[in-house]
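Okay, so the sequence shown: first residue is 1 according to full-length UniProt numbering, each after it adds one. This report concerns only the one structure given below.
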Amino acid sequence: MSLESHYPSNCPFCRISEAYPASSSTPIPSAPDPTLVDPNAFIILSSDHVLAFLDILPMTTGHVLLTTRVHHEKLSEVPIGPTAQALGYWMPLMSRALAKTLDVEDWNVVQNNGIRAAQVVPHVHFHFIPRYSEGRRPPSKKSKGDTFEIKSWKMFGRGQREELDEEEAVVLAQKIRDALKQEVEALEKDTVKL
Numbered sequence: 001m002s003l004e005s006h007y008p009s010n011c012p013f014c015r016i017s018e019a020y021p022a023s024s025s026t027p028i029p030s031a032p033d034p035t036l037v038d039p040n041a042f043i044i045l046s047s048d049h050v051l052a053f054l055d056i057l058p059m060t061t062g063h064v065l066l067t068t069r070v071h072h073e074k075l076s077e078v079p080i081g082p083t084a085q086a087l088g089y090w091m092p093l094m095s096r097a098l099a100k101t102l103d104v105e106d107w108n109v110v111q112n113n114g115i116r117a118a119q120v121v122p123h124v125h126f127h128f129i130p131r132y133s134e135g136r137r138p139p140s141k142k143s144k145g146d147t148f149e150i151k152s153w154k155m156f157g158r159g160q161r162e163e164l165d166e167e168e169a170v171v172l173a174q175k176i177r178d179a180l181k182q183e184v185e186a187l188e189k190d191t192v193k194l
């Protein structure tokens, strides 16, 4: 199998995967350089099998994408094995880290398969979308108008996303990484060695 079949050059998530290889010491990088790809990527997780980063067009503050490192267009193409296990391992940890970091009780985890299902990037990924009190989100620095609009029932329609504020993203990604590290440490402490 060629390198192009693992990481198609036209896939933005594959470019992120190549730019941020897994570390042998920790899957949660301390301060990854967001400028290694264009547009910038605010990495939260970079393991052997999966990556997580802030969505560049977030629906709410803290919208995170969890994706496979190797290119698979749809969830049905992900082989049963280490990648599927890694997705299952990191989903609850990411959920807890986001809930703690953003002080939210509710969030969506959404995964779209194919263009008719609103999949924009043809590389399997899960959206973690925090839902704030009363379905409202706090304003970002670049927001125009009333950003405290209700977001509860809107999912992937047009006109409801804003560009990610990069200054805020640096700080937010670090906070989520810190919370994710705490979740991993707590899990390791509570895990019984057999």
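Ideal placement from N, C-alpha and C gives every residue a C-beta, glycine not left out.
Per DSSP, reduced to three states, the secondary structure at F42 is coil, with no helix or strand assignment. Nearest to R177 by alpha-carbon distance, out of A22, D190, F42 and V37, is F42. Taken in chain order, the unbroken stretches of beta strand (DSSP E) that lie wholly in the UniProt domain "HIT" (30-139) and span 3 residues or more are 43-46, 50-54, 64-68, 106-110 and 125-131. Note that the segment 104-116 does not touch the segment 51-58; fewer than 3 beta-carbon pairs, one per stretch, sit closer than 8 Å. With at least 16 other beta carbons inside 10 angstroms of its own, T83 counts as buried.
The alpha-carbon of I28 is positioned some 10 Å away from that of Q174. Rounded to whole angstroms, E105 and S24 show a C-alpha spacing of 33 Å. In the structure shown, the three-state DSSP call for R161 is coil. The beta carbon of R15 is closer than 6 Å to those of V37 in its chain, skipping five residues each way along the sequence.
The three-state secondary structure of I28, taken from DSSP, is coil. Rounded to the nearest whole angstrom, the CA to CA distance from V64 to F13 is 13 Å. Under the three-state reduction of DSSP, P12 is assigned to helix.
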